[in-house]
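*Asks:*
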Amino acid sequence: MEKGFTITYEYGDNLYVNPTNRCDFNCTFCLRHNQGSGGSIYTHNLWLEREPTKEELLASIEGRDLSKYKQLVFVGFGEPTYRFDDICWVIDRMKEHGTKIYTRMDTNGTGCLINGRDICPDFAGRFDMVSVSLNTDSEEEYNAVCQPRFDGAYQAMKDFTREVRRYVPTVMMTVVDTTITPEQIERCRRICEEEIGAVYRVREYIAD
Ligand code: SF4
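In the numbering used here, the protein residues as written are 510 to 717.
As C-alpha cells, then:
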C-alpha cells in the first residue's frame, strides 16, 4: 500500500475506495484525529497527499480482481459525496466495461448540501446499498458530536436517507455502540425504522 496515495484497499470481504480527505463534519470520534498516533491502515495510509482523478479511481478499481470481493464500498478518509459526480462517472464506465460488483456508499448523508442539489436520483442504477451514519438521537447532540459545517445538517441527513430509498434497494442507518447509551441506541432504532424506513445497524467502534 503506497503511503499517502491509497486509492483502494481490502478490508474483510470488501474492497474500499478512498476518493477524498474532504469532509464537512469534524466528528469527535473521527479516526482522522488519530492520524500519526498509531500504525493502522486508517491512521497512517489513508490520508491522500492529493485526490485521485476519476481516471485513477477507475484504474485502481479495475486493476483489482473484483471476483474476490463481496462489495465495492465508496467511503474514504473523508466524505465521499465530495466526489459524487466522479464516482458516478466511475460506476458508469465500469458498467460500460461489463465490470460487475455489488456497490455501496458509506456517507454522512449531507451530500445534497455539499453538492448544492438533490443527488438522490443519481444513485438509481448505480448503487445497491447506501449506509448513512445516524450517530445519535437528537439534533442538539448530533451538532455537538459531528460539528457539521452546514446549518440544518441533521435534517438534511434524515431527508436524504428517506429520499434515497426511492432509488437504492438497501438503505441502512448506523450508530456506533460505544458512543451512545443503550437508551439512545433504542431511540435511534425508532428514528431509523419508524421515521425514515431504513435498515438499522449498530456498529462496533474501530479504534484505529
Ligand atoms: S463524517 Fe466521517 S470522515 Fe467526516 S469527520 Fe465524521 S467520522 Fe470523520
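All residues carry an ideal CB built from backbone N, CA and C; glycine is no exception.
Please read all numbers here as calculations on a predicted model, not as lab measurements.
Which value, in whole angstroms, describes the spacing of the CA atoms of L567 and V599?
*Replies:* Position 58 of the sequence shown, counted from the start, is the residue given in the question as residue 567. Position 90 of the sequence shown, counted from the start, is the residue given in the question as residue 599. Cα to Cα, L567 sits roughly 6 Å from V599.
*Asks:* Unbroken alpha helix (DSSP H) runs of length 4 or more, entirely within the segment 666 to 708: which are they?
*Replies:* With a minimum length of 4 residues, the unbroken runs of alpha helix (DSSP H) contained wholly in the segment 666 to 708 fall at 691 to 699.
*Asks:* At which residues does the alpha helix (DSSP H) containing F534 begin and terminate?
*Replies:* As a first step, residue 534 is located in the sequence shown; it is residue number 25 there, counting from the start. Element bounds for F534: n/a, residue is neither H nor E.
*Asks:* Quick check: the Cα distance between K579 and Y611, rounded to an integer number of angstroms?
*Replies:* In the sequence shown, the residue the question calls residue 579 occupies position 70. In the sequence shown, the residue the question calls residue 611 occupies position 102. Straight-line Cα distance between these residues: approximately 7 Å.
*Asks:* Does L581 come out as helix, strand or coil in the three-state DSSP assignment?
*Replies:* Position 72 of the sequence shown, counted from the first residue, corresponds to residue 581. Residue state, collapsed to three classes: strand.
*Asks:* Report the three-state DSSP secondary structure of R592 (helix, strand or coil).
*Replies:* Translated into positions along the sequence shown, residue 592 becomes position 83. Looking at R592 - three-state DSSP - the assignment turns out to be helix.
*Asks:* Can you tell me whether R613 is buried or exposed? The criterion is at least 16 other CB atoms within 10 Å of its CB, across all chains shown.
*Replies:* In the sequence shown, residue 613 corresponds to position 104, counting from 1. Buried is the call here.
*Asks:* Counting C-beta neighbours from all protein chains within 10 Å, is the total for Y714 16 or more, i.e. buried, or is it exposed?
*Replies:* As a first step, residue 714 must be located in the sequence shown, where it is residue number 205. Exposed, since its Cβ has fewer than 16 Cβ neighbours within 10 Å.
*Asks:* Using only CA atoms, which one of T616, I570, K609 and D574 lies nearest to N530?
*Replies:* For this step, residue 530 is matched to residue 21 along the sequence shown. That would be T616, whose Cα lies nearest to the Cα of N530.
*Asks:* Decide if S647 is buried, meaning its Cβ has at least 16 other Cβ atoms within 10 Å, or exposed.
*Replies:* To locate residue 647, count along the sequence shown from 1; it is residue 138. Exposed is the call here.
*Asks:* Alpha carbon to alpha carbon, what distance is there between L540 and D668?
*Replies:* Taking the first residue of the sequence shown as 1, we reach residue 668 at position 159. Taking the first residue of the sequence shown as 1, we reach residue 540 at position 31. Rounded to the nearest angstrom, the gap between the Cα atoms of D668 and L540 is 26 Å.
*Asks:* What residue from R698, G572 and T619 has the CA that sits closest to P657's CA?
*Replies:* Position 148 of the sequence shown, counted from the start, is the residue given in the question as residue 657. Scanning R698, G572 and T619 for the CA closest to the CA of P657 turns up T619.
*Asks:* Taking Cβ positions, are R671 and G634 nearer each other than 8 Å?
*Replies:* Counted from its first residue, the sequence shown places residue 671 at position 162. Counted from its first residue, the sequence shown places residue 634 at position 125. Cβ atoms of R671 and G634: not closer than 8 Å.
*Asks:* By DSSP, does S642 sit in helix, in strand, or in coil?
*Replies:* Position 133 of the sequence shown, counting from 1, holds the residue named residue 642. Residue state, collapsed to three classes: strand.
*Asks:* Below 7 Å, is the gap between the Cβ of R541 and the nearest heavy atom of the ligand SF4?
*Replies:* Start at 1 with the first residue of the sequence shown, and residue 541 comes out as number 32. Yes, the beta carbon of R541 sits closer than 7 Å to at least one heavy atom of the ligand SF4.
*Asks:* Taking all protein chains shown into account, decide if V677 is buried (16 or more other Cβ within 10 angstroms of its Cβ) or exposed.
*Replies:* In the sequence shown, counting from the first residue as 1, residue 677 sits at position 168. Buried.
*Asks:* Excluding sequence positions up to five away, which residues of its chain have a Cβ less than 7 Å from the Cβ of Y591?
*Replies:* On the sequence shown, position 82 is the one that residue 591 refers to. If we look at Y591 and ignore the five residues flanking it on each side, its Cβ neighbours are T529, R531 and I623.
*Asks:* Quick check: does the Cβ of G618 come within less than 7 Å of any heavy atom belonging to the ligand SF4?
*Replies:* On the sequence shown, residue 618 is found 109 positions in, with the first residue counted as 1. No, the beta carbon of G618 sits no closer than 7 Å to any heavy atom of the ligand SF4.
*Asks:* Would you call F659 buried or exposed, if buried means 16 or more other Cβ atoms sit within 10 Å of its Cβ?
*Replies:* In the sequence shown, residue 659 corresponds to position 150, counting from 1. Burial state of F659 is exposed, judged by a 10 Å Cβ sphere holding fewer than 16 other Cβ atoms.
*Asks:* So, helix, strand or coil for T552, using DSSP?
*Replies:* Working through the sequence shown from its first residue, we reach residue 552 at position 43. Unreliable positioning characterises T552 in this predicted model, as indicated by a pLDDT of 48, which lies under 50. A coordinate reading is not provided.
*Asks:* Residues in the same chain with beta-carbon distance under 7 Å from C621, minus the five sequence neighbours each way, listed in chain order, please.
*Replies:* Position 112 of the sequence shown, counted from the start, is the residue given in the question as residue 621. Result list for C621: D627, I628, A665 and F669, in chain order.
*Asks:* Could you spell out where the alpha helix (DSSP H) holding N530 opens and where it closes?
*Replies:* Here residue 530 is taken as the residue at index 21 of the sequence shown, counted from 1. Note, N530: premise wrong, no alpha helix (DSSP H); not H, not E.
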